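Residue numbers (the UniProt record's numbering): 1 to 536.
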């Protein structure tokens, strides 16, 4: 088939049907036979490039069509641009509603939305790429954990270019950025492993191991592939079926028929994929899918910024003008997981504010606001984001369809509430955050440690209150269509990554996760996408 173009039928309600040859690769955003992308989250976009990268090894003649919900926005990660760009919050789209009772929650009321452009959040993500331990994978099927740990985590690290922060070769102004300060920050925080519930302290694993030391993004990888064609502004709406298998994919630009030997893979992110499945497969006809949307987890977040005198880290006088550091500290309390991701900057050897800002924007793992940089003081600044696991066992957390006459892509409603376990964990992880920050102090009472109070735009000795540090948006939503072994009869997806009761529809992404843990999800999702590719 030579002509892949799909054009919207203007001023017509006629449904157009497109047919493709049998040896076609279809992904919704997909992998064996159509890519359809609903523009959400970095963790989805990495899978998209991954599948496109690997398909030629299975079938050298395969061609890949990507159906992109939006248009192209950035050809690589936004941190590589010196010009001001909109923030992720300025670009976000949320094609779902939030239940009224959820909007009454004290702290979190929403989930971070999509960035509806090619690459989605892969052009904005932070690059944190930890590998979960066996302990952190509690609740995952053993037959899934073993291949992930034995083979696929390593493959995902290589694909993303994951490297420990002390090995990053980022080079500016004649100096390596992750050097003496990285070592000093890690050494200063090593004693945090004595804090109750902390597992260990380690150099951050970041997807910055490429030759430019910038963060991995889907777009530049995807658009460089000769076997890929992208159709923009085309949204997947519904999977049509005959009661046993998918027969067509309805999109905003027409209907695409699915040949008999085709496998349709939903490589969309959690909530858009769940919306498509709920709209496509009615529970009365597919009782094995009755639990779709009935489990939900995510991460709640606190953010703290602190500063201490530069001398606390014993940095040499001839240190580079600007240095960066990144440290990762996971913890578990009563089975509930959290982690701290700390990113720091030492800059007082530099006399150029713009240079400090440009380096931080391009290479830091966490953002450091310009207003927190004060060259008149000989300080270092450390930004810490702490992520905690929303209890997946909480039955009040769900994603369901609502009968509100909205389109098939926006008729999902999200409901979630923090239970006692969540509240205890959030209180604990905030407490641990301040204890870890106190490790930066050389004073017995912490007199040399100051915290940034965002409301007042001032540095103060006292820690900021909870309402200033707790983010109102959940991140990394997951588990709505979790994968399970034969003993887990409630799981909507089997170990072959296939929706139960549907012969040719497969799933990848955060929706598959049995539990959410607290670790950043991209590496694990890429590893699972690789495992899926080999499984089918």
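For glycine and all other residues, C-beta sits at the position ideal for the given N, C-alpha and C. This structure is a prediction, so every number in the text was calculated from the model and none was measured.
* Asked: Quick check: the stretch 92–104 against the stretch 242–258, are there 3 or more CB pairs under 8 angstroms?
  -> In this structure the stretch 92–104 does not touch the stretch 242–258; the number of beta carbon pairs closer than 8 angstroms is below three.
* Inspect the beta-carbon positions of residue 200 and residue 166 and report whether they are closer than 7 angstroms. => As a position in the chain shown, residue 200 is number 200, starting the count at 1. As a position in the chain shown, residue 166 is number 166, starting the count at 1. Cβ distance not < 7 angstroms, so residue 200 and residue 166 don't count as in contact.
* **Host beta strand (DSSP E) of residue 477 (start-end)** => Residue numbering aside, residue 477 sits at position 477 when the chain shown is read from its first letter. Taken as a continuous stretch (DSSP letters only), the beta strand (DSSP E) holding residue 477 covers 473–478.
* Asked: To which residues does DSSP link residue 171 through a beta bridge?
  -> Here residue 171 corresponds to residue number 171 of the chain shown, with the count starting at 1. Its beta-bridge partners are 176.
* Asked: Just to confirm, are residue 540 and residue 322 a CB contact at a threshold of 7 angstroms?
  -> The requested residue 540 does not occur in the structure, where the chain is confined to residues 1 to 536.
* Asked: Taking 6 angstroms as the line, does the beta carbon of residue 93 fall inside it for any heavy atom of the ligand SAH?
  -> Ligands displayed in this structure: none; no statement on the ligand SAH is therefore possible.
* residue 306, DSSP secondary structure in three states -> Counting from 1 along the chain shown, the entry for residue 306 is found at position 306. Note: residue 306 maps to strand in three-state DSSP.
* Asked: Would you call the stretch 67–74 and the stretch 429–438 touching, i.e. three or more CB-CB distances under 8 angstroms?
  -> With a cut-off of 8 angstroms, the stretch 429–438 and the stretch 67–74 do not count as touching, because too few Cβ pairs lie within range.
* Per DSSP, cross-strand counterpart(s) of residue 110 -> In the chain shown, the residue the question calls residue 110 occupies position 110. 473.
* Asked: Which stretch, first to last residue, makes up the beta strand (DSSP E) that contains residue 543?
  -> In the structure displayed, the chain extends from 1 to 536; residue 543 sits before or after that span and is not available.
* Asked: Just to confirm, are residue 624 and residue 482 a CB contact at a threshold of 7 angstroms?
  -> Residue numbering for the chain in the displayed model covers 1 to 536; residue 624 lies beyond these limits and cannot be assessed.
* To do: Give me the Cα-Cα distance between residue 534 and residue 269, rounded to the nearest whole angstrom.
  => For the purposes of this step, residue 534 is taken as the residue at position 534 of the chain shown. For the purposes of this step, residue 269 is taken as the residue at position 269 of the chain shown. Rounded to whole angstroms, residue 534 to residue 269 spans 20 angstroms at the Cα level.
* Asked: Does the distance from the C-beta atom of residue 141 to that of residue 519 stay below 7 angstroms?
  -> Residue 141 sits at position 141 when you count from the first residue of the chain shown. Residue 519 sits at position 519 when you count from the first residue of the chain shown. No, the Cβ-Cβ distance between residue 141 and residue 519 is not below 7 angstroms.
* Bridge-paired residues (DSSP) for residue 412 -> Counting from one through the chain shown, the residue named residue 412 turns up at place 412. Residue 412 pairs with 401.
* How long is the line joining the alpha carbons of residue 475 and residue 135, rounded to whole angstroms? -> Looking up residue 475 in the chain shown gives position 475. Looking up residue 135 in the chain shown gives position 135. Their Cα atoms are separated by approximately 22 angstroms.
* Give me the Cα-Cα distance between residue 29 and residue 266, rounded to the nearest whole angstrom. => Within the chain shown, the letter at position 29 stands for residue 29. Within the chain shown, the letter at position 266 stands for residue 266. Reliability of the predicted coordinates at residue 29 is poor, the pLDDT of 38 falling under 50, and no value is obtained from them.
* Touching by the beta-carbon criterion (3+ pairs, under 8 angstroms), the stretch 466–474 and the stretch 106–120 -> The answer is yes - the stretch 106–120 touches the stretch 466–474, with three or more Cβ pairs under 8 angstroms.
* Take residue 353 and list the residues in its own chain whose beta-carbon comes closer than 8 angstroms to its own, dropping the five residues that flank it on each side. => Position 353 of the chain shown, counted from the start, is the residue given in the question as residue 353. Within the same chain, residue 353 has close Cβ partners 370, 373, 375.
* **Beta-carbon proximity check, residue 189 vs residue 327, cutoff 7 angstroms** => In the chain shown, counting from the first residue as 1, residue 189 sits at position 189. In the chain shown, counting from the first residue as 1, residue 327 sits at position 327. Their beta carbons are under 7 angstroms apart, which means residue 189 touches residue 327 by this criterion.
* Asked: Which residues in the same chain have their Cβ closer than 6 angstroms to the Cβ of residue 453, if we skip the five residues on either side of it in sequence?
  -> On the chain shown, position 453 is the one that residue 453 refers to. Once the five neighbours on either side are set aside, the close Cβ partners of residue 453 are 460, 464.
* To do: Locate the alpha helix (DSSP H) running through residue 519, then write down its first and last residues.
  => In the chain shown, residue 519 corresponds to position 519, counting from 1. Segment: none, residue 519 is in no alpha helix (DSSP H) and carries neither H nor E.
* To do: Kindly indicate which three-state DSSP category residue 97 falls into: helix, strand or coil?
  => For the purposes of this step, residue 97 is taken as the residue at position 97 of the chain shown. In the three-state reduction of the DSSP assignment, residue 97 falls in the strand class.
* Measuring alpha carbon to alpha carbon, tell me which of 229, 399, 296 ends up nearest residue 412. => The residue labelled residue 412 in the question sits at position 412 within the chain shown. Just measuring C-alpha positions, the residue of 229, 399, 296 sitting nearest residue 412 is 399.
* Report the option in 117, 154, 90 whose CA atom is closest to the CA atom of residue 531. => Residue numbering aside, residue 531 sits at position 531 when the chain shown is read from its first letter. The closest CA to that of residue 531, considering only 117, 154, 90, is found on 154.
* residue 89 - DSSP class collapsed to helix/strand/coil -> For the purposes of this step, residue 89 is identified with residue 89 of the chain shown, where counting begins at 1. If DSSP states are grouped into helix, strand and coil, residue 89 belongs with the helices.
* Asked: Which of helix, strand or coil does DSSP assign to residue 360?
  -> As a working note, residue 360 is residue 360 in the chain shown. In the structure shown, residue 360 sits in a helix (DSSP, three-state: H, G or I).
* Looking at residue 337 and residue 385, is the spacing between their C-beta atoms short of 7 angstroms? -> For the purposes of this step, residue 385 is identified with residue 385 of the chain shown, where counting begins at 1. For the purposes of this step, residue 337 is identified with residue 337 of the chain shown, where counting begins at 1. Going by C-beta atoms, residue 385 is not nearer than 7 angstroms to residue 337.
* Entirely enclosed alpha helix (DSSP H) segments - the stretch 188–256, minimum 4 residues -> 218–223
* Please report how far the alpha carbon of residue 109 lies from the alpha carbon of residue 422, in whole angstroms. => The residue labelled residue 109 in the question sits at position 109 within the chain shown. The residue labelled residue 422 in the question sits at position 422 within the chain shown. Those two C-alpha atoms are separated by around 14 angstroms.
* First and last residue of the uninterrupted alpha helix (DSSP H) at residue 490 -> Here residue 490 refers to the residue found at position 490 of the chain shown. Careful: residue 490 lies outside any alpha helix (DSSP H) and carries neither H nor E.
* Range of the contiguous alpha helix (DSSP H) that encloses residue 270 -> Against the chain shown, residue 270 aligns to sequence position 270. Per DSSP, residue 270 belongs to the alpha helix (DSSP H) from 270–280.
* Asked: alpha helix (DSSP H) containing residue 537: first to last residue?
  -> This structure cannot settle anything about residue 537, because the visible part of the chain is limited to 1 through 536.
* To do: Take the Cβ of residue 466 as the centre, count every other Cβ of all protein chains shown within 10 Å, and call the residue buried at 16 or more, exposed below.
  => For this step, residue 466 is matched to residue 466 along the chain shown. So residue 466 counts as exposed.
* Report buried or exposed for residue 220, applying the criterion of at least 16 other Cβ atoms within 10 angstroms of its Cβ. => Reading the chain shown from its first residue, position 220 is the one you call residue 220. Classification of residue 220: buried, given that the 10 Å Cβ count is 16 or more.
* Asked: Which residues mark the beginning and the end of the alpha helix (DSSP H) in which residue 330 is found?
  -> Within the chain shown, residue 330 is the residue found at index 330, counting from 1. Residue 330 -> not in any alpha helix (DSSP H); beta strand (DSSP E) instead, spanning 323–333.
* **Coarse secondary structure for residue 293, derived from DSSP in three states** => Within the chain shown, the letter at position 293 stands for residue 293. DSSP places residue 293 in coil when its eight states are reduced to three.
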